[in-house]
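K.L.:
In terms of our numbering, the sequence shown has 372 at position 7, counting the first letter as 1, and numbering is strictly consecutive. Virtual Cβ for every residue (Gly too), placed ideally from N, Cα, C. In this text the structure is predicted, and so the values were computed from the model without any measurement.
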Amino acid sequence: MFFRGLLYTLILAMTCYGCASSTSRTYRVAGEQFDLSKLGKQRANVVMAALSQVGTPYVYSGATPGQALDCSALTQYAYSAAGISIPRVSTAQKASARPVEQQPEPGDLVFFKTGPNQYHVGMMVDHDRFVHASTSKKRVRLSHLEQHYWQQRYLGAGTYLH
366 MFFRGLLYTL ILAMTCYGCA SSTSRTYRVA GEQFDLSKLG KQRANVVMAA LSQVGTPYVY
426 SGATPGQALD CSALTQYAYS AAGISIPRVS TAQKASARPV EQQPEPGDLV FFKTGPNQYH
486 VGMMVDHDRF VHASTSKKRV RLSHLEQHYW QQRYLGAGTY LH
């Protein structure tokens, strides 16, 4: 199981590296196209890794890309595709990320408080949309940061990118 996940990560990392170094840096997922050409290679790789998981089932404590993920495993996986190690749980990710004071950029993490002792994390993929493992929709999906639900629960943004 571990080796399958490692192999999947290595294949994705090689694919992302190839995509990031090509002249066309667009990524298509869920019928939408994302232009990553204005992003640096590291940001593009992190975003591509997260977008590659759209449709993956949400499972609490799930940490197997392509099979089962929770929100913090998704962001941990995406950063690992760029060679960046981050904590496993959302509260630790928020605590150790460098705060983003301006508008979050693609690849930055966005944090939410979804219940009395529940926290959620997603990753920005453009100026308004973020990818996350949704507990309500039971899959990795795209959402709009400007939606009322997310605005009411928004705690801030952070990053591990340079």
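Would you kindly report the start and end of the unbroken beta strand (DSSP E) that includes S402?
P.N.:
From DSSP, S402 is part of no beta strand (DSSP E); its letter is neither H nor E.
K.L.:
In whole angstroms, what separates the C-alpha of A415 from that of Y442?
P.N.:
Going from the Cα of A415 to the Cα of Y442 covers about 8 Å.
K.L.:
Would you call the CB atoms of S440 and M489 closer than 8 Å?
P.N.:
Looking at the sequence provided, one finds Thr at residue 440 rather than Ser. No; because the gap between Cβ atoms is not below 8 Å, this pair is not in contact.
K.L.:
According to DSSP, is T508 helix, strand or coil?
P.N.:
The sequence as given places Ser at residue 508; Thr does not occur at that position. The answer is strand: DSSP assigns S508 an E or B state.
K.L.:
Across which residues does DSSP place V394 in a beta bridge pair?
P.N.:
Beta-bridge pairing links V394 to E397.
K.L.:
Which one or two residues does DSSP pair with S499 in a beta bridge?
P.N.:
R504, per the DSSP bridge assignment.
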